[in-house]
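Here is the structure we will look at, set down as structure tokens.
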Amino acid sequence: MVNLWEGNDPQDNDKITYRELLRRVCRFANVLKSKGVQKGDMVAIYMPMILELVVAMFACARIGAVHSVVFGGYSSDSLAERILDGNCKIIVTADGVFRGTKLVNLKSIVDKAVAICKKKDLQLTAVIVVKHQVNLFSTKKGLTRTNDTPKNVLNGYNLEVSWDPSLDVWWHEEMMKVNDVCEPVWVDAEHILFTLYTSGSTGKPKGCVHTTGGYMIYGALSFKYVFDYFPGDVFFCTGDIGWLTGHTYIVYGSLLNTATCILYEGVPTHPDAGRYWEIVEKYGVTQFYTAPTAIRTLMRYDDAYVTKYDRSTLRVLASVGEPINRDAWFWYHRVVGEGRCPIVDTFWQTETVSSFNFIKNRDRITL
């Protein structure tokens, strides 16, 4: 198994094997080629934490295209800025996503970004839309899925998706038009694998370039040794693929080690503060990787939200995103890890693949 997907709603889940992932990647690579994408072209990806996001990234890599994943929480202005800077002609997105109880219309944000790009004389070739919410809601009582391509889609949660027939296409319809045979395009080790933009908190966002050979080698090695990975382990990183943490450890580093990795769409406290630990118990998670902000949020709730779930499979805890304060560290170690799991406190930047200080139970190893 490569990815175990947990949706925002605990009832929504999916899984994909390596064989099925390859099939979908080849199909979507053929979709991209049918839209004129060639080696070296940049493709913008603005999606929630769903399996199609991983498929889109690998499809780009398979044909030598450069993916530029934009965090799904960014505004239309921020999205447009990154599309323009990369001269992207293709955008891959989804109709919408729930974050807790809030429904976000991603397609409307993309539409506004497209309008901004047109004003700047960038004409896009296609906007490929995953029918994510309609697909999920079709399983709920009283809702049925429609397979046609309407100009406006209105589902049971009042998510209206505007449609430009000259530009917008449905992911599932395009995937049905192609086969699942796509030979990989061979590239040099220094060929650009992806561009990822900094947050822009200290000025204009900077597009950081990571090349194929060096990034993959270090991503794979750091995943294996920093998280003490062994075959059969189940890795759970709560970060977003829109950040480098997600690129390296949810997508590339984990899969290069043939690991099973959990892809989580939701937030830490939905439907309650025990969601992370429910997932840990459900899948037998061995490595858990999250941010101090999430830890401090969960600390405010009763410890029973943690202790009611079996966490005996956990072997390594890890922290990322900011320095972890003393109280959060001790709560994480004592309550979540039951006083037996080492904590890997990591520091790195979009510009770097990773930088770590790895502390084990019996010794200290500095990488």
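Residue numbers (numbering that gives the first Met the number 0): 0 to 366. Ideal Cβ positions, reconstructed from N, Cα and C, are used throughout, including at glycine. Note that the structure is a prediction, hence the values are computed from the model and not measured.
Report buried or exposed for residue i, applying the criterion of at least 16 other Cβ atoms within 10 angstroms of its Cβ.
| i | result |
| --- | --- |
| K307 | exposed |
| W185 | exposed |
| T289 | buried |
| S67 | buried |
| T145 | Only weak support exists for where T145 lies, its pLDDT of 44 falling under 50; the value from the coordinates is given anyway. Counting Cβ neighbours within 10 Å, T145 comes out exposed, since fewer than 16 surround it. |
| H209 | buried |
| E189 | exposed |
| E380 | Outside the displayed span of the chain (0 to 366) sits residue 380, for which this structure offers no information. |
| K106 | buried |
| F229 | exposed |
| G199 | exposed |
| N324 | exposed |
| R339 | exposed |
| G85 | buried |
| G241 | buried |
| G99 | exposed |
| Y45 | buried |
| E321 | exposed |
| Q37 | exposed |
| M56 | buried |
| Q348 | exposed |
| Y224 | exposed |
| N7 | buried |
DSSP three-state call for residue i: helix, strand or coil?
| i | result |
| --- | --- |
| Q286 | strand |
| G5 | In the sequence as presented, Gly is not what sits at residue 5; that position holds Glu. Strand, per DSSP. |
| G212 | helix |
| E264 | coil |
| S33 | helix |
| L121 | coil |
| V186 | coil |
| T351 | coil |
| V91 | strand |
| N154 | Here N154 scores only 47 on pLDDT, less than 50, and its place in the model should not be relied on; the value that follows carries that caveat. Coil. |
| Y196 | strand |
| D227 | coil |
| L254 | helix |
| I323 | coil |
| S137 | Because the pLDDT at S137 is just 42, under 50, the model does not fix this residue reliably, and the point stays unresolved. |
| V180 | coil |
| K368 | Since the first residue of the chain shown is 0 and the last is 366, residue 368 is not available in this structure. |
| E159 | strand |
| E19 | helix |
| D147 | Below a pLDDT of 50, predicted positions are generally treated as unreliable, and D147, at 45, falls in that range; the measurement from the model is reported next regardless. Here D147 sits in coil by DSSP. |
| A272 | coil |
| M175 | helix |
| K111 | helix |
| R295 | helix |
| Y248 | helix |
| R333 | helix |
| R81 | helix |
| W242 | coil |
Quick check: residue i and residue j, are their CB atoms within less than 7 Å of each other?
| i | j | result |
| --- | --- | --- |
| P164 | A93 | no |
| D344 | S318 | yes |
| A114 | V168 | no |
| L427 | I261 | Lying before the first or after the last residue shown, residue 427 is absent from the chain, which here runs from 0 to 366. |
| I108 | V42 | no |
| A258 | L297 | no |
| V279 | R310 | yes |
| G252 | F287 | no |
| A219 | N256 | yes |
| V69 | R81 | yes |
| T194 | K205 | no |
| T285 | R314 | yes |
| R158 | N104 | It is worth fixing the name first, because residue 158 is Leu in this sequence and not Arg. Closer than 7 Å, so yes. |
| W170 | I127 | yes |
| A429 | A79 | With the chain covering only 0 through 366, there is no way to say anything about residue 429. |
| A23 | V54 | Per the sequence presented here, residue 23 reads as Arg, with Ala not at that position. A contact, by the Cβ cut-off of 7 Å. |
| Y263 | E5 | yes |
| G283 | T312 | yes |
Among all the DSSP beta bridges, which residues are the ones paired with residue i?
| i | result |
| --- | --- |
| M41 | V65 |
| S318 | T289 and D344 |
| T259 | V233 |
| C207 | L195 |
| W169 | V128 |
| N12 | E5 |
| E280 | Paired residue(s): none; E280 is not in a bridge. |
| V96 | V103 |
Taking 6 Å as the cut-off, does the CB of residue i come closer than this to any heavy atom belonging to the ligand PLP?
| i | result |
| --- | --- |
| G273 | Among the components modelled here there is no ligand, and therefore nothing to report on the ligand PLP. |
Next item on the list: Please determine if the region 232 to 247 and the region 26 to 42 are in contact, where contact requires at least 3 C-beta pairs separated by less than 8 Å.
Entry: no
Item checked: Stretch pair the region 245 to 252 + the region 203 to 223: three plus CB contacts closer than 8 Å -> yes
Note to self: Using a Cβ distance threshold of 8 Å, determine whether the region 52 to 66 contacts the region 14 to 29, with at least three qualifying pairs required.
What the structure shows: Pairwise C-beta distances place the region 52 to 66 in contact with the region 14 to 29, as three or more of them are shorter than 8 Å.
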